[in-house]
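Working notes for the structure below.
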Amino acid sequence: MSNGYDLIVNGNSVHVQGDGTKPLLSVLRNELGLRGSRFGCGTEQCGACMVLIDGEPSFSCARAIESLAGKSVTTVEGLSPVGSLSPLQQAFLDEQAGQCGYCLSGILISAAALLARNPTPSRGEIAAALDRHLCRCGVHNRIMRAVARAGALIGARP
Amino acid sequence: MTTLPKSLLDNPLLGTWISFEEAGRVRLATGKVEIGQGVLTALAQIAAEELDISPARLRIVSGETPTSPREGFTSGSNSIAISGSSIRLVCAEVRALFLRYVADRLACPIGALAIEDGRFLRAGRHIGQDYWSIAAEVDLARPAAGDAAPKPPSNYRIVGQSLSRLDLADKVTGAAFIHDLAPDDVLHARMLRRPWPGARLADFDEAAVRRAAGAPIDIVRDGDLVAFTSDDEVAVMRAAQSARGLAVWTGGARPPSAAGEPNWIRAQRARDRIVETGAVVGAAGNRVVEASFSRPFLTYGSIGPSCALAEYRDGALTVWTHSQGVFELRKWLAHALHIDPAQVTVLHRQGAGCYGHNSADDAAFDAAFVAMRTPNRTVRVQWTREDEFSAAPMGSAMVVGLRAVLDANSRPADWTIEIWSPVHAQRPGMNGSANLLGAEALTDAPSPPAEINDVADDAGGGATRNAQALYDLPRHKLVHHLLPHVPVRTSSLRGLGAFANVFAIESFMDELAETAGEDPVAYRLSLMSDPRGRQVIETAAEMADWFGTTAHDGRARGFGFARYKNRAAYAAVVAEVEVDEQVRLRRVWAAVDAGLVINPDGAANQIEGGIIQAASWTLKEGVRFADGRVASDSWESYPILHFSEVPEIDIRFIEARHQPTLGLGEASLGPTAAAIGNAVARTLGRRIRALPLTRERIMATLLAEN
Numbered sequence: 001m002s003n004g005y006d007l008i009v010n011g012n013s014v015h016v017q018g019d020g021t022k023p024l025l026s027v028l029r030n031e032l033g034l035r036g037s038r039f040g041c042g043t044e045q046c047g048a049c050m051v052l053i054d055g056e057p058s059f060s061c062a063r064a065i066e067s068l069a070g071k072s073v074t075t076v077e078g079l080s081p082v083g084s085l086s087p088l089q090q091a092f093l094d095e096q097a098g099q100c101g102y103c104l105s106g107i108l109i110s111a112a113a114l115l116a117r118n119p120t121p122s123r124g125e126i127a128a129a130l131d132r133h134l135c136r137c138g139v140h141n142r143i144m145r146a147v148a149r150a151g152a153l154i155g156a157r158p
Numbered sequence: 001m002t003t004l005p006k007s008l009l010d011n012p013l014l015g016t017w018i019s020f021e022e023a024g025r026v027r028l029a030t031g032k033v034e035i036g037q038g039v040l041t042a043l044a045q046i047a048a049e050e051l052d053i054s055p056a057r058l059r060i061v062s063g064e065t066p067t068s069p070r071e072g073f074t075s076g077s078n079s080i081a082i083s084g085s086s087i088r089l090v091c092a093e094v095r096a097l098f099l100r101y102v103a104d105r106l107a108c109p110i111g112a113l114a115i116e117d118g119r120f121l122r123a124g125r126h127i128g129q130d131y132w133s134i135a136a137e138v139d140l141a142r143p144a145a146g147d148a149a150p151k152p153p154s155n156y157r158i159v160g161q162s163l164s165r166l167d168l169a170d171k172v173t174g175a176a177f178i179h180d181l182a183p184d185d186v187l188h189a190r191m192l193r194r195p196w197p198g199a200r201l202a203d204f205d206e207a208a209v210r211r212a213a214g215a216p217i218d219i220v221r222d223g224d225l226v227a228f229t230s231d232d233e234v235a236v237m238r239a240a241q242s243a244r245g246l247a248v249w250t251g252g253a254r255p256p257s258a259a260g261e262p263n264w265i266r267a268q269r270a271r272d273r274i275v276e277t278g279a280v281v282g283a284a285g286n287r288v289v290e291a292s293f294s295r296p297f298l299t300y301g302s303i304g305p306s307c308a309l310a311e312y313r314d315g316a317l318t319v320w321t322h323s324q325g326v327f328e329l330r331k332w333l334a335h336a337l338h339i340d341p342a343q344v345t346v347l348h349r350q351g352a353g354c355y356g357h358n359s360a361d362d363a364a365f366d367a368a369f370v371a372m373r374t375p376n377r378t379v380r381v382q383w384t385r386e387d388e389f390s391a392a393p394m395g396s397a398m399v400v401g402l403r404a405v406l407d408a409n410s411r412p413a414d415w416t417i418e419i420w421s422p423v424h425a426q427r428p429g430m431n432g433s434a435n436l437l438g439a440e441a442l443t444d445a446p447s448p449p450a451e452i453n454d455v456a457d458d459a460g461g462g463a464t465r466n467a468q469a470l471y472d473l474p475r476h477k478l479v480h481h482l483l484p485h486v487p488v489r490t491s492s493l494r495g496l497g498a499f500a501n502v503f504a505i506e507s508f509m510d511e512l513a514e515t516a517g518e519d520p521v522a523y524r525l526s527l528m529s530d531p532r533g534r535q536v537i538e539t540a541a542e543m544a545d546w547f548g549t550t551a552h553d554g555r556a557r558g559f560g561f562a563r564y565k566n567r568a569a570y571a572a573v574v575a576e577v578e579v580d581e582q583v584r585l586r587r588v589w590a591a592v593d594a595g596l597v598i599n600p601d602g603a604a605n606q607i608e609g610g611i612i613q614a615a616s617w618t619l620k621e622g623v624r625f626a627d628g629r630v631a632s633d634s635w636e637s638y639p640i641l642h643f644s645e646v647p648e649i650d651i652r653f654i655e656a657r658h659q660p661t662l663g664l665g666e667a668s669l670g671p672t673a674a675a676i677g678n679a680v681a682r683t684l685g686r687r688i689r690a691l692p693l694t695r696e697r698i699m700a701t702l703l704a705e706n
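Residue numbers (this note's numbering), protein chains in the order written: chain V, 1 to 158; chain H, 1 to 706.
Right, here's the structure in full:
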């Protein structure tokens with residue numbers, strides 16, 4: 001048994017104990033109380049569990065916690081301070097980019113990573129960045145518009 | 001006396017729907033539940049409009065058996081038309097009762113009074129009273145009379161506006177679903193599912209499963225129903241995964257690999273019914289056109305697998321669920337678990353998108369089953385993705401045959417539609433049966449239904465939904481082959497039979513137009529007397545510049561039209577596709593007449609979502625079977641449309657605010673399938689009549705040509 005794993009989650013140092021093979025998603029939801037990252041398939045095929053690991057969008061549902069020692073994890077809860085919305089989240093509300101909303105927290109993660117490296121993505125670039133995410137309600141166009149809108153907002157900042 | 005809507009007849013007391021207990025807040029109770037479509041936002045708009053309050057004042061109670069009106073299932077695109085019309089009448093009457101009370105007290109005519117965000121005004125001045133200050137004086141424990149006139153639509157300020165979804169902010173910031181409700185001391189559970197209907201668990205290496213779990217688990221078993229429980233969710237996930245591989249099953253009815261294919265469907269034992277109307281007119285017998293269409297079994301494929309919580313304490317069972325029908329679920333949970341329904345409370349909480357009868361009710365049963373064997377714990381059951389694909393109800397595969405005898409003007413003088421289909425509705429309570437998956441595996445399973453029937457035609461039909469084309473057909477014959485004994489668990493998937501029927505009818509209309517040598521839209525219009533139908537067809541054609549565009553190499557447009565259930569919203573769709581080795585959907589235009597639209601942006605979202613989902617069904621989807629079980633049990637083996645495959649979509653609503661609201665959540669799917677199919681047929685010069693229009697089918701068609 002190891003002594004556990006130290007990582008950064010949403011800017012805070014956390015120490016995770018126990019079995020190093022348990023998936024990050026279970027740790028986030030059950031041990032750290034961060035339930036915005038969602039279980040969809042458990043096999044990295046739908047994107048509902050997407051988080052940033054050292055800034056890169058990564059599936060959390062099958063990612064062993066032992067592989068994350070020293071790394072920085074950002075979940076949807078980390079995209080904005082509690083009680084406020086990031087420009088990206090606000091853009092999703094402005095475009096009403098959701099129906100059931102189950103896929104959105106993962107999509108926001110990939111969108112945030114895209115905008116961090118390219119604040120003015122084309123529709124094709126947005127689609128490519130989100131292609132690992134499934135949405136069943138058919139909100140894709142609204143989501144792509146919201147990402148473009150957020151990029152314009154972020155880009156317009158001084 | 002007005003005829004009251006069914007929801008109001010069933011729940012006549014005004015106070016059931018509306019009350020003012022908390023200062024500044026209005027409690028609105030509905031039996032309808034949010035399943036991802038924004039229905040609660042729209043219902044709130046209707047209530048706020050009639051009460052003259054800000055929508056922000058509403059506190060909505062939805063789908064809770066102790067307090068909500070009983071309103072059946074949230075299904076069939078009925079919520080706004082039926083629950084919404086009840087809420088409108090109730091709120092108009094509540095408003096009138098309060099105004100009458102104030103007018104009496106002030107000895108002034110009602111006409112001198114107005115309400116502004118819940119506060120009463122006389123001659124434009126606040127009188128210092130509001131709903132809350134006089135709520136105790138106005139008795140709402142009385143049946144609705146239905147005699148208070150709702151506002152005329154021309155006075156609407158809230159209805160008809162695109163109010164933001166009430167629930168969306170929570171969903172872009174964090175926890176918002178039933179999946180997220182577990183208390184810290186929850187008992188996690190996972191189920192072992194039978195791999196095909198009626199399978200018996202012959203052997204099961206418990207010790208190996210416990211080893212695989214990696215932490216202590218308990219195994220709860222009754223008959224062929226097995227649950228793994230633990231304080232550690234990872235342990236039960238691993239146990240369930242291991243057990244799935246280790247369990248040995250025998251008996252039951254194993255679906256063959258051909259299940260869902262047209263020839264298999266036609267070969268199933270059937271109960272037949274024929275409905276004939278009209279008489280042949282004109283010089284029939286000139287030409288006969290016949291074609292047969294099909295779709296495979298489809299799965300609803302929600303992104304979030306079903307989840308439920310349950311707690312059994314002091315002889316009372318509480319269940320949290322994302323079921324579409326909490327009252328029916330309560331009744332049948334009680335029946336299957338041998339408990340007094342009065343001791344069962346069922347509370348709706350939001351799940352992931354629901355596009356039909358999914359596994360929500362089954363998960364609720366699973367949680368209740370475990371909870372009753374582990375009292376005083378909150379039990380959380382989470383379905384696995386694999387079980388969602390293989391054990392949840394599926395949308396029925398169908399074959400639809402069409403035959404038209406054309407008159408001298410190439411119009412159908414005699415029309416026959418012949419449908420082969422398993423049933424489209426096996427929700428809890430239907431056919432007098434619990435229809436709860438876990439219950440069927442118990443030692444004392446509830447008795448199966450004596451006879452399996454589909455949704456009745458007058459309730460919108462199951463396989464026969466939209467079987468009757470809306471066109472002017474002097475003579476119509478429906479042959480319905482109901483297939484009650486298939487080794488696949490079928491139930492309601494968005495649109496039910498309408499999807500395949502509209503795909504077939506609207507594909508066939510193109511074939512008839514081709515036979516007649518006419519433009520497909522012009523041909524449709526020549527057979528459409530319904531003015532609202534004509535208007536959506538003409539509008540969609542205009543949006544896409546149908547008559548001004550010519551097809552060029554590899555790219556073409558197709559048309560599709562239907563009025564959902566022949567009584568809900570009208571939708572006409574134009575699809576533009578490119579076809580190389582596969583179909584690339586480029587653009588879609590849709591025109592819709594849904595009568596009074598409560599929330600235009602929400603309505604557009606529903607129509608667009610339906611178009612994209614239908615595109616996915618049409619181009620990609622079909623359940624596959626192998627080795628006597630479902631083989632397509634992952635997103636890899638059951639692919640759906642991705643972001644990069646989604647077309648740009650334009651939607652226009654016909655202005656019809658003085659017409660009753662028409663349900664629209666399922667209106668765009670059938671026309672979309674037909675529009676895509678027709679566009680592909682025009683591009684290829686050959687028609688593929690079996691869905692989905694996959695790369696393999698396109699390639700086979702192209703090769704067959706050469």
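C-beta atoms are modelled at their ideal positions from N, C-alpha and C, and glycine is treated no differently.
Residue i versus residue j: straight-line alpha-carbon distance, rounded
i	j	result
H:Y156	V:I143	30 Å
H:L483	H:H179	36 Å
H:R689	V:S67	50 Å
V:N10	H:L51	44 Å
H:G628	H:C354	27 Å
V:D19	V:H133	29 Å
H:L402	H:V275	15 Å
H:L437	H:I53	44 Å
V:R145	V:R117	18 Å
H:R95	H:D232	52 Å
Identified DSSP bridge partners for residue i
i	result
H:M394	H:T490
H:A291	H:L402
V:E125	According to DSSP, V:E125 bridges with nothing at all.
Under 9 Å from the C-beta of residue i: neighbouring residues of chain V
i	result
H:R165	L93, Q96, G98, Q99, G101
H:Q382	F39
Interface flag, residue i vs chain V, CB-CB below 8 Å
i	result
H:F643	yes
H:A259	no
H:L168	yes
H:T173	yes
H:S359	no
H:D444	no
H:D601	yes
H:V708	Only positions 1 to 706 of chain H appear in the structure, and residue 708 of chain H is not among them; the question remains open.
Interface flag, residue i vs chain H, CB-CB below 8 Å
i	result
V:R35	yes
V:G40	yes
V:G4	no
V:R145	no
V:H15	no
Beta-carbon neighbours of residue i, restricted to chain V and to distances below 7 Å
i	result
H:F177	Y102
H:A352	C100, Y102
H:D10	What H:D10 touches in chain V: nothing, since even the nearest Cβ is about 28 Å away.
Contact list for residue i against chain H, beta-carbon separation under 8 Å
i	result
V:H162	With chain V covering 1 to 158 only, the question about residue 162 of chain V has no answer from this structure.
V:S80	T173
Chain H residues whose Cβ lies nearer than 7 Å to that of residue i
i	result
V:N30	E233
V:S26	E233, V234
V:L7	Within chain H, no residue comes near V:L7; the closest Cβ sits about 17 Å away, beyond 7 Å.
Interface partners of residue i on chain H, CB under 9 Å
i	result
V:D54	Simply none; closest approach about 22 Å.
V:L85	A169, V172, T173
Within the segment 274-344 of chain H, ranges of the beta strand (DSSP E) (whole runs, at least 3 residues): Runs of the beta strand (DSSP E) inside the segment 274-344 of chain H: 287-295, 307-313, 316-321.
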